[in-house]
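>
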Amino acid sequence: MLHDVFITIETAIKETSGAADALLTNGGEHADLASTVAFALAKQKKQAPVKIAQDLVDELKKRPELSGMTIEATGPYINFILGNAYVSEMLKAAVQPGYGNLEKKTTRVVLEHTSANPNGPLHVGHIRNSIIGDTLARVFRKAGYPLEVQYYVNDMGRQIAIVVWGFDNLDSAQYPGEKEDAHIARVYIAANREIEKDEGITQQVNTLMQLVENGDPATVRKFRKEVARCLDGFRVTMKDLNVAHDRFVWESDFIRNGNTERIINKLKRMPQAHEDETLYLDLSEFGFENKYVIRRSDGTSVYAARDLAFHAWKGANFDRVIDVLGADHKLIGAQLQCTMKILGEKVPEIVHFEFVSLPEGSMSTRAGKFVSADDLIAEIRKRAFDEVTTRRPELDEATRRSIAQSVGLAAIRYDIVKVSPEKSTVFDWKEALDFERQSGPYIQYAHARACSILEKAGEFAECYDMETEQEIILAKQIAKFPMTIEKVVAELRPHILATYARELADTFNTFYHFEPVLKSEGKVRDRRLTLVKAVQNTLKESLETLGIDAIRSM
105 MLHDVFITIE TAIKETSGAA DALLTNGGEH ADLASTVAFA LAKQKKQAPV
155 KIAQDLVDEL KKRPELSGMT IEATGPYINF ILGNAYVSEM LKAAVQPGYG
205 NLEKKTTRVV LEHTSANPNG PLHVGHIRNS IIGDTLARVF RKAGYPLEVQ
255 YYVNDMGRQI AIVVWGFDNL DSAQYPGEKE DAHIARVYIA ANREIEKDEG
305 ITQQVNTLMQ LVENGDPATV RKFRKEVARC LDGFRVTMKD LNVAHDRFVW
355 ESDFIRNGNT ERIINKLKRM PQAHEDETLY LDLSEFGFEN KYVIRRSDGT
405 SVYAARDLAF HAWKGANFDR VIDVLGADHK LIGAQLQCTM KILGEKVPEI
455 VHFEFVSLPE GSMSTRAGKF VSADDLIAEI RKRAFDEVTT RRPELDEATR
505 RSIAQSVGLA AIRYDIVKVS PEKSTVFDWK EALDFERQSG PYIQYAHARA
555 CSILEKAGEF AECYDMETEQ EIILAKQIAK FPMTIEKVVA ELRPHILATY
605 ARELADTFNT FYHFEPVLKS EGKVRDRRLT LVKAVQNTLK ESLETLGIDA
655 IRSM
């Protein structure tokens, strides 16, 4: 609804002014939408922006498609205030199941996220990747895109060779009850300590890497076995975080099917390619000073070669390719994009995120210094249960644990996704478990409040004619939801949805404070209950798109 109005106004401004860009945006506190096009036209028309804005307003008011809205010039700004008819039509859409779903698209999208090395449990740093990626996936599906979510499994790298060496040479028995990925990490950490004491082990690791690339059956089975066990552990963790992948794509498959060799042969013919002991690309003309190595001196391919083959395959099968990568992959990601471009292949879009760190410093699986996602989830659930028990002691234990599980999930997912990807964040238990403002549980509570009001109200006649200032403010906030979905897709910034959901909860709570709902009567009661129904439905759709349970009671 708001998107359609936006397009109508944008088109009218362009046609009236002759400008290529209507410069239409959110109007803030003063209007629903506003344009700064008068500034852009000032030099061309050699007139003051204030006069241009007023002249355009006079012309825009004559256009029939803009009737029903207030159009005014405030200095050089052109403000648009949408009328009651718009509010009524929007609310009719907002009470329907699936509100915010956009038209079905034909653009096929592949989104890769998490793809952590299978050498130990997912830790707090990894799950920012998972939650950003999973939220983007949910938004794309709500926006109508056919989507496949992939996990790229690094089953050939040095870290996996170290794991395999550890299982071959160390006491590697699994402890009773030990999760698979935790077992892998314990062996990996012990193997690294042995390597630090004996440099000769490095050659044994190199031999394992050569054997796996050459397809030695016994070595391939060893690598696959331990990687698969670690992935089993990852799946448990990701299920607890409400994160899902459609396909796990194995790196080694691009050696087996010949795609890596085909990419290497194609690269060898590029003018940027050089061979001495290694095969590398000189990308200095594009601003990269270091060599982009494709093949080692021993003839084995490096991760970059297999990654190029993977992305060429994705580009051949999908229309839009999106990767979620940590900030430490910025150089690698930029080199990948550059190389795909000179190869004439589809260039991936990359969402880079800064890491979550602990108050005492960064995390490292190799050093054994990390807070696993499993430990985080367990602690969050325990603290959430204590909080729910304090608030709702009359509930039976099973109900309290069920609520605590949903609240704990909301605390983790929202705390991580609310920060824009390019900003680093320090994980703080207190902030993650803040059950008040700025948290997932706060939004869940607003949804539960709306559910409670509707349950107490019983049947009512839906009425879409809002009148008071608070009613209209809340209705217009609800109307922004579909455009918020569009904006996340366009900008690949899921924190925009997190901010929207929190602002909607804020606006609803303000409305509830100022406007009686259940105590009002007649048409006033009907329209306010209709508004609460629209809020409940929009919060539900927002929470579920964020991967958070929209629970009805807290």
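Note that the sequence shown covers residues 105 to 658 in this note's numbering. Note that CB positions come from ideal geometry on N, CA and C, so glycine has one too.
What residue does the alpha helix (DSSP H) around Val628 start on, and which one ends it?
That run of the alpha helix (DSSP H) goes Gly626 to Thr649.
> Look up Ile655 in the DSSP assignment and say whether it is helix, strand or coil.
Three-state result, Ile655: coil.
> From Gln151 to Asp125, what does the alpha carbon distance come to, in whole angstroms?
Taking the straight line from one Cα to the other gives about 18 Å.
> With C-beta atoms as the reference, is Tyr568 less than 8 Å away from Ser171?
Taking 8 Å as the Cβ cut-off, Tyr568 and Ser171 do not qualify as a contacting pair.
> Is Asp478 close to chain B? Criterion is C-beta to C-beta, closer than 8 Å.
No chain B is part of this structure, which consists of one protein chain only.
> Looking only at DSSP bridge pairs, what is Phe457 linked to?
Beta-bridge pairing links Phe457 to Gly430.
> Within 10 angstroms of its Cβ, does Phe618 collect 16 or more other Cβ (buried), or is it exposed?
The residue is exposed, with fewer than 16 neighbouring Cβ atoms inside 10 Å.
> Spatial neighbours of Ile576 within its chain, please: CB distance less than 7 Å, with the 5 preceding and 5 following residues excluded, ordered by chain position.
Once the five neighbours on either side are set aside, the close Cβ partners of Ile576 are Val191 and Met570.
> Can you give the Cα-Cα distance for Ile359 and Glu317, rounded to whole angstroms?
One C-alpha to the other measures close to 7 Å.
> Pick from Ala135, Asp302, Lys155 and Asp275: whose alpha carbon is nearest that of Phe143?
Nearest C-alpha to Phe143: Lys155.
> State the start and end residues of the unbroken alpha helix (DSSP H) segment that holds Asn421.
It spans Tyr407 to Asn421 - the alpha helix (DSSP H) in which Asn421 sits, taken as one unbroken run.
> Counting beta carbon pairs with one atom in the stretch 237 to 244 and one in the stretch 306 to 323, are three or more of them shorter than 8 Å?
The stretch 306 to 323 vs the stretch 237 to 244: no contact.
> State the beta-bridge partners of Leu128 as determined by DSSP.
Leu128 pairs with Ser139.
> Considering only their Cβ atoms, is the gap separating Thr218 from Asn233 smaller than 8 Å?
Their beta carbons are under 8 Å apart, which means Asn233 touches Thr218 by this criterion.
> DSSP on Ala289, reduced to helix/strand/coil?
Three-state DSSP puts Ala289 in a helix.
> Given this structure, state the Cα-to-Cα distance separating Ala265 from Val353, to the nearest angstrom.
Looking at the two C-alpha atoms, the distance is approximately 19 Å.
> With DSSP run on the structure shown, which of helix, strand or coil describes Thr382?
Coil at Thr382, not helix or strand.
> For Met467 and Lys434, I'd like the C-alpha separation in whole angstroms.
The predicted model places Met467 with a pLDDT of 49, which falls under 50 and marks its position as unreliable; any figure quoted below should be read in that light. The straight-line gap from Cα to Cα measures roughly 19 Å.
> Using C-beta distances below 7 Å, list every residue in its chain close to Gly237, excluding the 5 sequence neighbours before and after it, in chain order.
The residues are Leu215, His217, Thr218 and Val428.
> Does Leu608 come out as helix, strand or coil in the three-state DSSP assignment?
Three-state result, Leu608: helix.
> Evaluate contact between the stretch 287 to 297 and the stretch 246 to 256, counting only Cβ atoms and requiring at least three cross-stretch pairs below 8 Å.
Cβ pair count under 8 Å is below three, so no.
> I'd like the span of the beta strand (DSSP E) that includes Gln254, first residue to last.
Taken as a continuous stretch (DSSP letters only), the beta strand (DSSP E) holding Gln254 covers Leu251 to Val257.
> Would you decide whether His134 is buried or exposed? Buried here means 16 or more other CB atoms lie within 10 Å of its CB.
The residue is exposed, with fewer than 16 neighbouring Cβ atoms inside 10 Å.
> Could you pull the DSSP bridge partners for Asn183 from this structure?
The partner list for Asn183 (beta bridge, DSSP) reads Ala138 and Glu176.
> Expressed to the nearest angstrom, what Euclidean distance is found between the alpha-carbon atoms of Arg487 and Gly626?
So the two alpha carbons sit approximately 44 Å from each other.
> Of the choices Ala177, Arg505 and Leu106, whose alpha-carbon is the least far from that of Ser660?
Lying before the first or after the last residue shown, residue 660 is absent from the chain, which here runs from 105 to 658.
> Report yes if the C-beta distance between Gly430 and Arg517 is below 8 Å; otherwise report no.
Against a cut-off of 8 Å, the Cβ pair of Arg517 and Gly430 comes out as no contact.
> Could you pull the DSSP bridge partners for Leu215 from this structure?
The partner list for Leu215 (beta bridge, DSSP) reads Val253 and Ile426.
> Suppose the cutoff is 7 Å on Cβ atoms and the five residues either side in sequence are ignored; what does the same chain contact list for Thr211 look like?
Closer than 7 Å at Cβ, skipping near neighbours: Tyr249, Asp423 and Arg424.
> Mind reading off the beta-carbon distance from Val141 to Ile182? Whole number of angstroms is fine, and I expect it under 8 Å.
Confirmed, about 7 Å.
> Quick check on this structure: which residue in Lys584, Asp357, Phe612 and Phe615 has the alpha carbon closest to the alpha carbon of Leu601?
Cα-wise, what sits closest to Leu601 is Lys584.
> Bridge partners for His227 per DSSP, in chain order?
According to DSSP, His227 bridges with Ser476.
> Whether or not the stretch 637 to 646 and the stretch 192 to 203 are in contact is what I'm after, with contact meaning three or more pairs of Cβ atoms, one per stretch, closer than 8 Å; do they touch?
The stretch 192 to 203, when compared against the stretch 637 to 646, does touch it at the 8 Å Cβ threshold.
> Please go through the same chain and pick out, in chain order, the residues whose beta-carbon is closer than 7 Å to the beta-carbon of Lys370, but skip the five residues on each side of it.
Taken in chain order, the residues that qualify are Leu447.
> I'd like the span of the alpha helix (DSSP H) that includes Phe352, first residue to last.
First-last for Phe352: Arg351 to Trp354, but that is the beta strand (DSSP E), not the alpha helix (DSSP H).
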